[in-house]
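See below for the structure under consideration.
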DNA sequence: CACAATACGGAGACTGTCTCCGTTTGGCAA
DNA sequence: TTGCCAAACGGAGACAGTCTCCGTATTGTG
């Protein structure tokens, strides 16, 4: 890739991060281009779809998912606390921006979605937590990671849509956690 | 209201029902107007916002919510079955059209939303089910109807977004149900 | 039947998406 | 260094959707 192309690509990703944070995932892409100091054509050449731009943006986010999982798994204590704190972190992770939860949670298993590859990081992370809990015999029999992701994702979506406070989210996560525990 | 105005209003609601069913809630409103055989100006005079049009559309739906609740409450059997069948009906009720679950679930408690008034029907219905379950001492202590609506709504949203089959939804609802039960 | 009051409708302003193509730039080979 | 051309740029503009304004048409009442 040519030097100017690489430069513009980076500028676009950075601009997208800014603009999406400010205005949510529906923000005008032409604005992203303008903010990056390039023409719309350049944006669409680098990122043919809105999704592909998000995919690029979420690259570094995957690292954060993994780091957070490591941290949560360090925590010793009752299984319920472990699960609950993972669920809370999960909501935090996918609530990066307005509209993020819906975008991410809606992309599980939708093949062809650029974001769906990133979702795998979430499923893998959740799987690690589930493995730990299963070792402790704390879970009901048939728990699958994707299922848990979807359920918690749903909570995050409504929290995001409705502007819910953490205090409103907590009890919902408790319900979910208790539903998954043996 | 003048006779022609009433006629157009009805035509618009009927057209909206058609178009939204075919294309989801993001469908072009000008198309709805055209389908109804009126100009865009007429549509926007009757329904200043997309929401207000939906609100009118959902009028008859409220009746269906109540009927369904009646039917579910007739069912005798273990509390868990009652709750589960309500949750399933709930998902069905709000999944009228593509995008419906997100629209409805995102409108709880958002005051000023025309749809939010319709959501009250859902909360009330859920409350009736909760009352029954509480009489049987089957629920955990602090269950609120809105909370349950949001949680199940979240499930419906991800089911809708991801094109999930009822078989995928069922286990998620079981988790939710078990989370709410004592 | 006439005349307000009420309602209609479509042209068009505005915004966002995405493409096409003439112009510019980077980097390699001579 | 220079010249070349593939690679990349950028912005005009086609297209679609939202929503408004205002001249025109319709209703129903006195």
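Protein chains in written order, with my numbering: chain B, 3 to 184; chain H, 3 to 184. Glycine included, every Cβ here is placed at the ideal spot set by N, Cα and C. The structure displayed is predicted, hence computed values, not measured ones.
Along chain B, in chain order, which residues have C-beta atoms closer than 8 Å to that of residue i?
i	result
residue 144 of chain H	173
Three-state secondary structure (DSSP) at residue i?
i	result
residue 56 of chain B	helix
residue 28 of chain B	coil
residue 4 of chain H	coil
residue 34 of chain B	helix
residue 40 of chain H	coil
Between the Cα of residue i and those of the options, spot the shortest distance and give me the residue it belongs to.
i	options	result
residue 13 of chain H	H:165, H:40 and H:85	H:40
residue 44 of chain H	H:31, H:53 and H:121	H:31
residue 88 of chain H	H:147, H:37 and H:131	H:131
residue 155 of chain B	B:55, B:64 and B:90	B:90
residue 104 of chain H	H:26, H:19, H:35 and H:184	H:26
residue 176 of chain H	B:181, B:172 and B:166	B:181
residue 163 of chain H	B:159, B:166 and B:165	B:159
residue 135 of chain H	H:51, H:179 and H:169	H:179
residue 99 of chain B	B:29, B:48, B:172 and B:7	B:29
residue 172 of chain B	B:85, B:80 and B:61	B:85
residue 38 of chain H	H:8, H:62 and H:63	H:8
residue 59 of chain B	B:33, B:23 and B:69	B:23
residue 92 of chain H	H:66, H:21 and H:80	H:66
residue 170 of chain H	B:168, B:145 and B:169	B:145
residue 125 of chain B	B:107, B:101 and B:167	B:107
residue 75 of chain H	H:137, H:183 and H:161	H:137
residue 153 of chain B	B:128, B:143 and B:167	B:128
residue 96 of chain B	B:21, B:42, B:174 and B:120	B:120
residue 122 of chain B	B:57, B:35 and B:18	B:57
residue 94 of chain H	H:19, H:151 and H:46	H:151
residue 83 of chain H	H:46, H:55, H:141 and H:167	H:141
residue 117 of chain B	B:53, B:174, B:165 and B:161	B:53
Residue i touches chain B at which residues, Cβ-Cβ below 9 Å?
i	result
residue 107 of chain H	156, 159, 160, 163 and 164
residue 182 of chain H	177, 180 and 181
Could you tell me which chain H residues have their CB closer than 9 Å to the CB of residue i, listed as they occur along the chain?
i	result
residue 152 of chain B	156, 157, 160, 161, 164, 166, 170 and 174
Run down chain H in chain order and give the residues with a C-beta less than 8 Å from the C-beta of residue i.
i	result
residue 104 of chain B	104, 159 and 163
How would you list, in chain order, the residues of chain B whose beta-carbon sits under 7 Å from the beta-carbon of residue i?
i	result
residue 149 of chain H	173 and 174
residue 93 of chain H	In chain order: nothing, as chain B lies at least about 11 Å away.
residue 112 of chain H	164
Would residue i be called buried (16 or more neighbouring beta carbons within 10 Å of its own) or exposed?
i	result
residue 77 of chain B	exposed
residue 115 of chain B	buried
residue 3 of chain H	exposed
residue 51 of chain B	exposed
residue 73 of chain H	exposed
residue 149 of chain B	buried
residue 139 of chain B	exposed
residue 109 of chain H	buried
residue 71 of chain B	buried
residue 102 of chain B	buried
residue 112 of chain H	exposed
residue 10 of chain B	buried
residue 5 of chain B	exposed
residue 184 of chain H	exposed
residue 143 of chain H	exposed
Can you tell me whether residue i sits near the ligand MG, meaning its C-beta is under 7 Å from at least one heavy atom of the ligand?
i	result
residue 147 of chain H	Judged by which ligands are present, the structure shown has none, so any question about the ligand MG falls away.
Segments assigned alpha helix (DSSP H), at least 4 residues, entirely inside the region 137 to 184 of chain H: Here the runs fully enclosed are 147 to 164 and 168 to 182.
Within the region 42 to 118 of chain B, ranges of the alpha helix (DSSP H) (whole runs, at least 4 residues): 42 to 48, 52 to 59, 61 to 76, 81 to 96 and 102 to 107
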